[in-house]
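Residue 100 is where the sequence shown starts when you use the numbering used here, and the numbers rise one by one after that.
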Amino acid sequence: MKQKSSLRFSLDIGTRKVLGLLTEEHGSVIRVRYAARREHEGRSMLDGQIHNIPEVGRVLIEVKEELEKKAGVKLMEAAVAAAGRALRTARGKAEVVFGTLSPVRKEQIRALEWEAVSDAQERLASELRTSNEQTRFHCVAYSVLRYWLDGVRMANLEGQVGERVQVEVIATFLPTAVVDSLVAALDIAGLAVASLTLEPIAALKAVVKPTMRHLNLVLIDIGAGTSDIAVTRDGAVVAYAMVPEAGDEVTEELSRLYLLEFNEAEKAKRRLCREKEFEAVDVLGQNRVLRTDEVLEALGPTLDRLAGSLAEAITRINGGPPTGVMLVGGGSLTPTLPERLAKALGLDPARVAPRTAQAVDVINRGRKGLSGPDAVTPLGIALNAHRGEDNRAVVTVGERQVQVFHPGRLTVGAALQSAGVRARDLVGKPGPGLVIKVNGETKVVPGTRAKPAVVKVNGQPADLNTQLTGGEAIEILPAVDGEPPRVQVAEFMPADSLRITMNGKEVNIKPSCFVNGKPSRPDRYLRDGDTVEFRFPRMVGELVQGFLSGSRSEDAPDGSGGAEAASLEQVLSYELNGEKKEEVWPRYVFLVNGSPAENDTPVRDGDRIEWRPREVTMRVVLEQAGFSMSEPVRVTVNGSPVLIPPICELRKNGKPASLETPVEDGDLLEVLEAGSGGPLLNQLFTLVDFDPTPPRTGARLILKVNGKPARFTTPLKEGDKVDLYWDGGSSGSLENEG
């Protein structure tokens, strides 16, 4: 036997019970052919979530086998709905611009809606990242909020002609754990998922017709473990919510109040809506007579809390009280609950009422006992099985089979998300950037872009938007993360330069580079946190030094961070009178615009700078060494001024030298003093133009100091007046007076 194509199998897997329906479509009406119901023996489901998968699977087998026996078919798949436990919703938008005016096709609308769902999915993922929530979600359903055509709101886009269409949707997501446990229980029963929706959406489809959705209505499916909420307004379903309180809260309170076992309390709760008085057996085995009015009074605080929780959720997602509230689900049968909810919302009690299966006019229920509010959701699931979309597919991602639930067009992106592949694994991380400071200003240099993952479907190149039909094999070559940027100092070099004439050559001077306070080459690679400075030379010394080292001319690369910069000083090692010395001397003599200058003389754009080597002479060496050798003496000889230098003898490397003799590295210098005290008169003969040969025989040399006769050895002092001349004689003898 196999499942007949005309039959659809739907399952309402609730917290308290499982209801299975076999339905078939006859024209515009869906007929319920067979029904089977089983209750969970234990609490294998809590708040709509399966906690004991094998036990739920066993109940599903019983329901499935009963229906197979009744219908004479083999059931292979079932339409199901998930409760709204941990329900999350997000809104998304999408837009497409056509090149020309053309009618909007149905497939274009579906693609646009899916793009909007993808946008909602990304918004939810962003919200989860912000809250560090690790839960993965399936998109199980969505509703269109509104369409626009060229900026004008439309009820339906199909066939409309325009250039720009937009859509906004509200998409519903459930944790993968909720969906996966549902699929696992079905698998135990040998069933695949034919379609999957949400219980509040199924109930809403059943009782809230599209022509009613312009009203601000709220539908609440009050089950055993959860109360699922859907809101309509302006022609669309605009919000969903879930309250984790429902019929079980009432059952548990009855159990506590009257000492009843849970299942006995559940039976007592159901009798409240149809009997004024009934018996119950407590855990001590005693029969207790319970009056409905007394029980409801005792349950008052619990019912008020449930009504308050529902009212708070409705007000929060709707922005205030709605126009009316429809109640479905077994919990809606609890006496006084509608009135308490109306009071909590501030509504007329007539605007809050249960809706029964009679409201589902597109389904012929026959005589299957499907009449109350608790039958609305199962009928909605059956309706979705016939007139909903098959939003399930199985694909292979890598080596793992993945069940994908999607609200419409199935894409690679949706399949990868269902497989738990994170978006960042597909796009990779950009390389870390650099934060540096350049002349005090913070600069951020981004890293390189990541190389996105390579996706293939059945061996062919694909992307996240590639459409799937089911059964495909998806292969992913992981993304490659980006790298830190490789940025050099030169990339931040200012374009400005100084125009200077250097020894007759006009050059453009670039600024010096410093990284973290130390000289650097322009081709140095920077690191995060580096501080870069560019400084133009402002003094003669640094400008000449940079020019000579080849570091600042636009015609030469910067050598300041590599080769040793040219020095403005010279070091001489020599011996002076047997003592080894090492002295530092200026290497150059500078001129700026023709005037003498020093190392720290300022320079400006357009200046002319000249320099030549500076010689180190015996004079400056001896002055540096502190040799005074007495002070020079100024005298007047025959009316003319004469400067008598100190009395000494200079030698360089053993040879006579003068004060102007250059000193070189490694020289041996000597200073030999000729005597002590002041200068003597005889020193004048080497300093003045005087012929020592007598002009005639007998001429006599006359020596006078300050008008008094003097000798060759007469000492001289500052300011003395000396007379020196030949007088008379013919014998050729030379005699000094006195």
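A virtual CB, placed ideally from N, CA and C, is assigned to each residue, including glycine. Predicted, not measured: the structure shown is a model, and the values here were computed from it.
field: residue 779 versus 351, 129, 809, residue with shortest Cα-Cα distance
entry: Taking the first residue of the sequence shown as 1, we reach residue 779 at position 680. Looking at the Cα atoms, 809 is the closest of the given residues.
- prompt: With DSSP run on the structure shown, which of helix, strand or coil describes residue 309?
  reply: The residue given as residue 309 occupies position 210 in the sequence shown. Helix at residue 309.
message: Can you tell me whether residue 377 is helix, strand or coil according to DSSP?
response: Stepping through the sequence shown from its first residue, residue 377 is reached at position 278. Correct three-state label for residue 377: strand.
query: What residue from 722, 731, 710, 678 has the CA that sits closest to residue 766's CA?
result: Here residue 766 corresponds to residue number 667 of the sequence shown, with the count starting at 1. Of 722, 731, 710, 678, the residue nearest in Cα terms is 678.
query: What are the uninterrupted segments assigned as beta strand (DSSP E) that are 3 or more residues long and contained completely in the region 705–782, given in chain order?
result: As far as the region 705–782 is concerned, its whole beta strand (DSSP E) runs of at least 3 residues are 707–712, 732–736, 739–743, 747–751, 754–756, 767–772.
message: Between the region 791–803 and the region 745–757, can you find at least three pairs of beta-carbon atoms closer than 8 Å?
response: Short answer: they don't touch.
- prompt: residue 587 by DSSP, collapsed to three states: which one?
  reply: Translated into the one-based positions of the sequence shown, residue 587 becomes position 488. Of the three classes helix, strand and coil, the one that applies to residue 587 here is strand, per DSSP.
message: Runs of 3 residues minimum, wholly inside the region 591–618: which ones carry the beta strand (DSSP E) assignment?
response: Counting only runs of 3 or more, we get 597–601, 604–608, 611–614.
field: 8 Å contact criterion, which residue 406 and residue 436 should meet: CB distance rounded
entry: In the sequence shown, residue 406 corresponds to position 307, counting from 1. In the sequence shown, residue 436 corresponds to position 337, counting from 1. About 6 Å separates the two Cβ atoms, so the contact holds.
query: Three or more C-beta pairs closer than 8 Å, one from the region 598–615 and one from the region 630–644: is that the case here?
result: Yes, they touch.
message: I need the straight-line Cα distance from residue 832 to residue 800, nearest angstrom please.
response: As a position in the sequence shown, residue 832 is number 733, starting the count at 1. As a position in the sequence shown, residue 800 is number 701, starting the count at 1. Note on residue 832: pLDDT 35, under 50, position unreliable in the model; the coordinate value appears next. Roughly 10 Å between the two C-alpha positions.
message: Relative to the C-alpha of residue 674, which candidate in 709, 717, 698 has its C-alpha closest?
response: Position 575 of the sequence shown, counted from the start, is the residue given in the question as residue 674. Among 709, 717, 698, the Cα nearest to that of residue 674 belongs to 717.
field: Beta-carbon gap between residue 741 and residue 783 smaller than 8 Å
entry: Numbered from its first residue, the sequence shown carries residue 741 at position 642. Numbered from its first residue, the sequence shown carries residue 783 at position 684. With contacts defined as CB atoms closer than 8 Å, residue 741 and residue 783 qualify as a contacting pair.
- prompt: Hey, out of 594, 676, 706, whose CA is closest to residue 603's CA?
  reply: Within the sequence shown, residue 603 is the residue found at index 504, counting from 1. When C-alpha distances from residue 603 are compared across 594, 676, 706, the shortest belongs to 706.
query: Which of helix, strand or coil does DSSP assign to residue 385?
result: If you number the sequence shown from 1, residue 385 lands on position 286. The answer is coil: DSSP assigns residue 385 none of H, G, I, E or B.
- prompt: Is residue 284 helix, strand or coil by DSSP?
  reply: Position 185 of the sequence shown, counting from 1, holds the residue named residue 284. Looking at residue 284 - three-state DSSP - the assignment turns out to be helix.
message: Spatial neighbours of residue 501 within its chain, please: C-beta separation below 8 Å, excluding the five flanking residues on both sides.
response: Residue 501 sits at position 402 when you count from the first residue of the sequence shown. Excluding sequence neighbours, residue 501 sits near 493, 494, 495, 514, 517, 518.
field: Where residue 150 sits in the DSSP three-state scheme
entry: In the sequence shown, the residue the question calls residue 150 occupies position 51. Taken through DSSP and simplified to helix, strand or coil, residue 150 comes out as coil.
message: In whole angstroms, give me the CA-to-CA distance for residue 100 and residue 165.
response: Taking the sequence shown and counting its residues from 1, the one referred to as residue 100 is at position 1. Taking the sequence shown and counting its residues from 1, the one referred to as residue 165 is at position 66. Unreliable positioning characterises residue 100 in this predicted model, as indicated by a pLDDT of 41, which lies under 50. A coordinate reading is not provided.
- prompt: Exposed or buried, which one is residue 354 when buried takes at least 16 other CB atoms within 10 Å?
  reply: Numbered from its first residue, the sequence shown carries residue 354 at position 255. The residue in question, residue 354, is buried, as its Cβ has 16 or more Cβ neighbours within 10 Å.
- request: Tell me where the alpha helix (DSSP H) around residue 566 begins and ends.
  value: If you number the sequence shown from 1, residue 566 lands on position 467. Careful: residue 566 lies outside any alpha helix (DSSP H) and carries neither H nor E.
message: Please tell me whether residue 623 and residue 587 are closer than 8 Å, where the distance is taken between their beta carbons.
response: Here residue 623 refers to the residue found at position 524 of the sequence shown. Here residue 587 refers to the residue found at position 488 of the sequence shown. Yes, the Cβ-Cβ distance between residue 623 and residue 587 is below 8 Å.
- prompt: Just reading off the alpha helix (DSSP H) that residue 368 is part of, what are its end residues?
  reply: Taking the first residue of the sequence shown as position 1, residue 368 is located at position 269. Looking at the DSSP string, the run of the alpha helix (DSSP H) that includes residue 368 is 361–370.
task: Measure the alpha-carbon distance for residue 221 versus residue 274 and round it to whole angstroms.
output: Against the sequence shown, residue 221 aligns to sequence position 122. Against the sequence shown, residue 274 aligns to sequence position 175. Rounded to the nearest whole angstrom, the CA to CA distance from residue 221 to residue 274 is 15 Å.
message: Starting from residue 547, trace the alpha helix (DSSP H) in both directions and tell me its first and last residue.
response: Looking up residue 547 in the sequence shown gives position 448. Looking at the DSSP string, residue 547 is not in any alpha helix (DSSP H), and its letter there is neither H nor E.
message: For residue 656, which residues in the same chain have their Cβ closer than 6 Å to its Cβ, ignoring the five residues on either side in sequence?
response: Walking along the sequence shown from the start, residue 656 turns up at place 557. Low confidence applies here, because residue 656 scores a pLDDT of 36, under 50, leaving its location unreliable; read the following figure in that light. Around residue 656: no qualifying Cβ.
- prompt: With distances taken between CB atoms, is the gap from residue 219 to residue 268 smaller than 8 Å?
  reply: Residue 219 sits at position 120 when you count from the first residue of the sequence shown. Residue 268 sits at position 169 when you count from the first residue of the sequence shown. Cβ atoms of residue 219 and residue 268: closer than 8 Å.
message: For residue 573, list the residues DSSP reports as bridge partners.
response: Locating residue 573 in the sequence shown gives position 474, counting from the first residue. BP columns for residue 573 point to 496, 556.
- request: Find the nearest neighbour of residue 601 within the set 245, 115, 689, 276, judged by alpha-carbon distance.
  value: By 1-based counting over the sequence shown, the position of residue 601 is 502. Its Cα nearest to that of residue 601, the residue 689 stands out among 245, 115, 689, 276.
- request: Whole angstroms is fine: what's the gap from residue 446's alpha carbon to residue 419's?
  value: Numbered from 1 along the sequence shown, position 347 holds the residue referred to as residue 446. Numbered from 1 along the sequence shown, position 320 holds the residue referred to as residue 419. Those two C-alpha atoms are separated by around 11 Å.
- prompt: Quick one: what does DSSP say residue 327 is sitting in, helix, strand or coil?
  reply: For the purposes of this step, residue 327 is taken as the residue at position 228 of the sequence shown. In the three-state DSSP reduction, residue 327 falls in the strand class (E or B).
message: Here's the rule I'm using: 16 or more other beta-carbon atoms within 10 Å means buried, otherwise exposed. How should residue 254 be labelled?
response: Position 155 of the sequence shown, counting from 1, holds the residue named residue 254. Under a 10 Å Cβ-count criterion, residue 254 is classified as exposed, with fewer than 16 other Cβ atoms of the shown protein chains found around its own Cβ.
task: Specify, as a first and last residue, the run of the alpha helix (DSSP H) that residue 625 falls within.
output: As a first step, residue 625 is located in the sequence shown; it is residue number 526 there, counting from the start. For residue 625, no alpha helix (DSSP H) encloses it, and the DSSP letter there is neither H nor E.
- request: Throw me the rounded Cβ distance for the residue 367 and residue 389 pair, which I believe falls under 8 Å.
  value: Mapped onto the sequence shown, residue 367 falls at position 268. Mapped onto the sequence shown, residue 389 falls at position 290. So it is a contact: roughly 6 Å between Cβ atoms.
query: Given residue 256, which residues of its chain have a CB within under 7 Å of its CB, disregarding the five upstream and five downstream residues?
result: In the sequence shown, the residue the question calls residue 256 occupies position 157. Cβ within range, chain order: 203, 208, 246, 248, 264.
field: Residue-level contact to chain D via CB, residue 399, 8 Å cutoff
entry: Protein chain content of the structure displayed is limited to a single chain, and chain D is not contained in it.
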